[in-house]
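Each number in this note's numbering corresponds to the 1-based position in the sequence shown with 9 added. Idealized CB from N, CA, C, for every residue including glycine.
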Amino acid sequence: MARENARPFYLVDLPGYGYARGGRKSAEEFEALTASLFTGDRNLAAMLVVDARHPGLDNDRAAWEWMTEAVASRAIVVTKIDKLARGQRIRALAGIESVFEHPIVAVSAATGEGLNELWKLIAQLTKAA
10 MARENARPFY
20 LVDLPGYGYA
30 RGGRKSAEEF
40 EALTASLFTG
50 DRNLAAMLVV
60 DARHPGLDND
70 RAAWEWMTEA
80 VASRAIVVTK
90 IDKLARGQRI
100 RALAGIESVF
110 EHPIVAVSAA
120 TGEGLNELWK
130 LIAQLTKAA
């Protein structure tokens, strides 16, 4: 995948650790399933995608901890922000940043909100990797 003059990159959607391969999986099973993609190459970049309606889930926090060990460049993308009223959105996004102690990029595929910021984040991550 490439945009304008940016270098090409692969965008891989990993199976969700909650519902990988047709059944509920634990964070440990998710790590085992995906470790081969990250083993031995910390110059990869990764994004943790979390649902704005469910901030701070145990599985999301475990995945983030795993990512901090597995890859050098990482980010958190919060989706479905269009599903929350303005006040709920503000509280949810602040809560997510607080839980993960890391900045976030909030997006909505339905409205397009935040997509430019997401592309900027991807450009940053691919330059750092």
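Under the three-state reduction of DSSP output, threonine 88 falls in the strand class. When secondary structure is reduced to three states using DSSP, aspartate 67 falls in the helix class. The alpha carbon of valine 59 has as its nearest neighbour, out of Trp73, Leu130 and Leu53, the alpha carbon of Trp73. The straight-line gap separating the alpha-carbon atoms of leucine 20 and valine 108 is approximately 26 Å. Comparing alpha carbon positions, the residue from Ala54, Thr88 and Leu130 closest to alanine 61 is Thr88. Under a 10 Å Cβ-count criterion, isoleucine 99 is classified as exposed, with fewer than 16 other Cβ atoms of the shown protein chains found around its own Cβ. Assignment of beta-bridge partners to valine 114 by DSSP yields Val86. Around the beta carbon of glycine 123, a 10 Å sphere encloses 16 or more other beta carbons of the protein chains shown; the residue is thus reported as buried.
Between valine 80 and alanine 54 the beta-carbon gap is near 6 Å, inside 8 Å, which marks them as a contact.
Closest in C-alpha terms to threonine 77, from the list Thr135, Leu130, Leu57 and Ala132, comes Leu57. Straight-line measurement puts the Cα of leucine 127 at about 23 Å from the Cα of asparagine 68.
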